[in-house]
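Q: What follows is a structure written as C-alpha cells; I'll ask about it next.
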Amino acid sequence: MKHKGTQILETERLILRPFVKGDAQDMFDNWAGDDEVTKYMNWVTQQSIEETKNTLEKWTQRYAEEDFYNWAIEIKETQNNIGFISVVSCDEIVEKVELGFGIGKNWWHKGVMTETLNTVIDFLFKEIEVQRIQASHDTNNPNSGKTMQKCGMKYEGTLRRAEITNNGICDVSYYAILADEYMQ
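In case it helps, the working numbering puts the sequence shown at residues 1253 to 1436.
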C-alpha cells in the first residue's frame, strides 16, 4: 500500500476532509451527541461538547501519520460537518482496510453516505492501492448494509453475537469489495 494520509476529496455535494478543532459543535450537534445516530455504533454517545473537543484533539494529532484515514463529511453548500468515514483497521500484509462511517439523521436516505463511501472506495483502491475494503454493520441497522451494496460491496456473511454496540450484543453482517472487482 502507498499510504498518503487523509487527503481532501470532493464530490458534487461534499467535501471529505480532515477534521479540525472547529468541527466540535457541528460534530456534537449533528451526530456524535445523538443517541439515535450512535445507537448501532461501538462507541458511546458523547455527553458534552468537551468530550467532543477531546476526541477531535486526539484525531487531529494523528493526521501526521500517513496511515491514518479519518474524514469529516462536509456539505459544500452549508460547510456543515454532518458525519465521518474512517479506516478503523488496516492490514499491511493482506493489503486490506476496514471502514466505519456514520452521518447525522437529518441526512439519512439522501444518498450522502453512498456518495461518501463511493468516493473513499475509489481513493483507497486507486491512490493507496489496497486490495480489499471491508465494512460491517449491526444486523438491526440494515440501511448500512444497503449503502455498502449500492457501492458494489458484496455480502460475505453474518457473525452471530459477535460485537457489541450501544444497542447491546449483536449479530454483525460483513461486506467487502476487492480491487480487481472494482477496477473492472
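Using N, Cα and C, we set each Cβ at its ideal position, and we do this for glycine too.
1. Do ASN1282 and GLY1354 come within 8 angstroms of each other at the CB atom, strictly closer than that value?
2. Looking at the unbroken beta strand (DSSP E) that takes in VAL1296, where does it start and where does it end?
3. Should the stretch 1365-1383 be called in touch with the stretch 1258-1266, which here means at least 3 C-beta pairs below 8 angstroms?
4. Would ASN1332 and ASP1286 qualify as a contact pair, given that the criterion is a beta-carbon distance under 8 angstroms?
5. Would GLU1408 pass as a contact of ALA1428 if the rule is Cβ separation under 8 angstroms?
6. Is the number of C-beta pairs between the stretch 1306-1324 and the stretch 1333-1347 that are closer than 8 angstroms three or more?
7. Check each candidate in ARG1412, GLY1397, THR1417, PHE1280 and name the one with the smallest Cα separation from HIS1361.
8. Starting from TRP1311, follow the alpha helix (DSSP H) in both directions and report where the run begins and ends.
9. Where does TYR1292 fall in DSSP's three states?
10. Would you call ALA1273 buried or exposed, if buried means 16 or more other Cβ atoms sit within 10 Å of its Cβ?
A: The structure says:
1. Stepping through the sequence shown from its first residue, residue 1354 is reached at position 102. Stepping through the sequence shown from its first residue, residue 1282 is reached at position 30. It is not a contact, given that the beta carbons lie outside the stated cut-off.
2. As a first step, residue 1296 must be located in the sequence shown, where it is residue number 44. Note, VAL1296: premise wrong, no beta strand (DSSP E); not H, not E.
3. yes
4. Within the sequence shown, residue 1332 is the residue found at index 80, counting from 1. Within the sequence shown, residue 1286 is the residue found at index 34, counting from 1. No, they are not a contact pair.
5. Locating residue 1408 in the sequence shown gives position 156, where the first residue counts as 1. Locating residue 1428 in the sequence shown gives position 176, where the first residue counts as 1. For GLU1408 and ALA1428, yes; Cβs fall inside 8 angstroms.
6. yes
7. For the purposes of this step, residue 1361 is taken as residue 109 along the sequence shown, with counting starting at 1. The shortest Cα separation from HIS1361 among ARG1412, GLY1397, THR1417, PHE1280 belongs to GLY1397.
8. Position 59 of the sequence shown, counting from 1, holds the residue named residue 1311. Run containing TRP1311: 1301-1314, per the alpha helix (DSSP H) assignment.
9. The residue given as residue 1292 occupies position 40 in the sequence shown. Looking at TYR1292 - three-state DSSP - the assignment turns out to be coil, as it is neither helix nor strand.
10. Taking the first residue of the sequence shown as 1, we reach residue 1273 at position 21. The sequence given here places Lys at residue 1273; Ala does not occur at that position. By the neighbour-count rule (16 or more Cβ atoms within 10 Å), LYS1273 is not buried but exposed.
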